[in-house]
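Enquirer:
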Amino acid sequence: MGLIDIGTVLKHFDDTVDEHDLTVKDYGIKFITADGRLRTMRARKNVKSPKQQLRKPLDEKGRVMYNLKRAGTMLVSDLAINQPRSVKVAAICFFADHGSTEFHRVYH
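In the numbering used here, each residue carries its 1-based index in the sequence shown increased by 1.
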């Protein structure tokens with residue numbers, strides 16, 4: 002099991018499509034949930050929740066006040082249930098690259 006830093010993990014998640022065969026890349030992550038469990042997920046990035054605009058309060062110009070980056074979260078799609086999930090970046094403990102099942106420990 003190797004080590005990988007969180008900056009490299011986030012760069013991997015920004016790489017969403019394989020240029021050679023035009024497939025969408027997915028990655029494995031293990032993270033600590035809000036209730037303290039270790040959860041494993043195959044996920045991909047760049048998803049939007051269809052109900053996101055309906056739940057969040059708006060500022061005076063009508064924009065959503067919740068900022069994922071400022072809150073330290075990342076919106077991913079859980080491929081097992083095909084639903085968007087928000088994951089705290091600071092809670093990610095392990096990472097597996099696209100096409101790999103070997104997890105690397107993430108340091109922050």
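Think of the CB as a built atom: it goes at the ideal place given N, C-alpha and C, for glycine as much as any other residue.
Measure how close the beta-carbons of M42 and H105 come, nearest whole angstrom, since I'm counting them as under 8 Å.
Expert: Residue 42 sits at position 41 when you count from the first residue of the sequence shown. Residue 105 sits at position 104 when you count from the first residue of the sequence shown. In fact, because the Cβ distance is near 15 Å, the residues do not count as touching under 8 Å.
Enquirer: Cα separation between D98 and D6?
Expert: Within the sequence shown, the letter at position 97 stands for residue 98. Within the sequence shown, the letter at position 5 stands for residue 6. C-alpha separation (whole angstroms): 13 Å.
Enquirer: By the three-class DSSP mapping on this structure, what secondary structure does I7 have?
Expert: Taking the first residue of the sequence shown as 1, we reach residue 7 at position 6. In this structure, I7 counts as helix in the three-state DSSP scheme.
Enquirer: Answer yes or no: do V77 and A44 have a C-beta to C-beta separation smaller than 9 Å?
Expert: What you label residue 77 is simply residue 76 of the sequence shown in a count that begins at 1. What you label residue 44 is simply residue 43 of the sequence shown in a count that begins at 1. In this structure, A44 lies closer than 9 Å to V77 by Cβ.
Enquirer: Kindly give me the distance between the Cβ atoms of V107 and V10, rounded to whole angstroms, as I take these residues to be in contact under 8 Å.
Expert: Counting from 1 along the sequence shown, the entry for residue 107 is found at position 106. Counting from 1 along the sequence shown, the entry for residue 10 is found at position 9. 6 Å between Cβ atoms; contact.
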